[in-house]
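Colleague: Have a look at this one before I ask anything.
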Amino acid sequence: MHIDVLERYWLIAVGAMLGAFMAALLASVLIFGIQLPSPVGRVDPQQLDKTDFAQTGLRDTGKGHYDMYIVAQMWRFDVGQKGSAPAEIHIPAGSEVTFYITSKDVTHGFIIEQHDVNLMLVPGQIARASTTFNHAGTYHIICHEYCGTGHQAMTATIIVG
Ligand code: CUA
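In the numbering used here, the protein residues as written are 76 to 236.
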C-alpha cells in the first residue's frame with residue numbers, strides 16, 4: 076500500500092503525541108500518585124440524621140488533626156453552627172483537617188480558596204479531602220457547581236488562627 080510521505084509524517088507525529096500523552100498519564104499515576112477522588116461511602120440523603128452527618132462541625136481527633144463534617148444544601152453549608160449567622164469554621168493554624176461532606180438535595184461544589192480541596196458533592200455520596208492550614212487567615216469556601224437561584228450566595232468561611 077502506498078502512503079504519501081506527508082501522510083507518513085502525520086502518522087508518526089500522531090503516534091508520538093499519543094505516546095507522550097500515555098507516558099504523562101502513567102507518570103502522573105505511578106510517580107506522582109495522582110488519583111481521581113473516589114467516593115468514600117454512601118448515605119441516604121433523606122436520613123442524614125442517622126449517620127455521622129447528624130452532628131456537623133469540627134471534631135478534634137488529636138495531634139493537630141481534625142475531622143470536619145459538613146452538609147451542603149440549597150443554599151448553604153451546614154458546618155455545625157447554630158442560628159442563621161454566616162457559616163464560619165475556626166481552625167487553629169497548623170492543623171490538618173479531613174473534610175467529610177455530602178449533599179442533602181442537589182449536586183453542589185466545594186472549593187477552598189488557596190488550598191487543594193476541590194470536590195463535587197453528589198447527594199448520596201460522601202466526599203472526602205484532607206488539607207493542612209499552615210497560615211493564619213480567612214479562606215472562603217465556595218459552591219462552584221450551579222445549584223439553583225441561591226447558588227451565588229452559597230459560601231462559608233474558614234478562619235485560621
Ligand atoms: Cu450549591 Cu451552587
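A virtual CB, placed ideally from N, CA and C, is assigned to each residue, including glycine. Keep in mind that this is a model prediction, so the values were computed, not measured.
1) For Asn193 and Phe185, what's the separation of their Cα atoms in angstroms?
2) For Met229, is the beta carbon positioned less than 7 Å from some heavy atom of the ligand CUA?
3) With a threshold of 7 Å on Cβ separation, who are the neighbours of Val197 within its own chain once the five nearest residues in sequence on each side are excluded?
4) What I want to know is whether the C-beta of His215 ends up closer than 7 Å to one or more non-hydrogen atoms of the ligand CUA.
5) Could you tell me the alpha carbon to alpha carbon distance between Thr206 and Leu93, rounded to whole angstroms?
6) Suppose contacts are defined by Cβ-Cβ distances below 8 Å. Is Ala168 in contact with His140 by that definition?
7) Compare the beta carbon distance of Phe152 and Ala162 with 8 Å and say whether it is the shorter of the two.
8) Distance, Cα to Cα, Ser170 vs Val154?
9) Measuring CB to CB, does Tyr144 end up less than 8 Å from Gly132?
10) Given Gln156, which residues of its chain have a CB within under 7 Å of its CB, disregarding the five upstream and five downstream residues?
11) Ordered along the chain, which non-local residues of its own chain (more than five positions away) have a Cβ less than 7 Å from that of Arg203?
12) Could you tell me which of Gly199, Ser103, Glu188 sits nearest to Val66, measuring between CA atoms?
13) List the endpoints of the continuous alpha helix (DSSP H) containing Phe96.
14) If the criterion is Cβ atoms closer than 8 Å, does the pair Ala88 and Trp150 meet it?
15) Give the straight-line distance between the Cα atoms of Glu188 and His219, rounded to the nearest whole angstrom.
16) Return yes when the C-beta of Ala202 is under 7 Å from any heavy atom of the ligand CUA, and no when it is not.
17) Provide the residue span of the beta strand (DSSP E) that contains Phe144, from first to last.
Modeller: Reading it off the structure:
1) 6 Å
2) yes
3) Ser178, Thr182
4) no
5) 34 Å
6) no
7) yes
8) 17 Å
9) yes
10) Ala162, Glu163
11) Val115, Thr173, Phe174, Tyr175
12) This structure gives no information on residue 66, because the portion of the chain shown stretches from 76 to 236.
13) 80-105
14) no
15) 11 Å
16) no
17) At residue 144 the sequence reads Tyr, which differs from the Phe that was named. 140-148 is the span of the beta strand (DSSP E), which, as asked, contains Tyr144.
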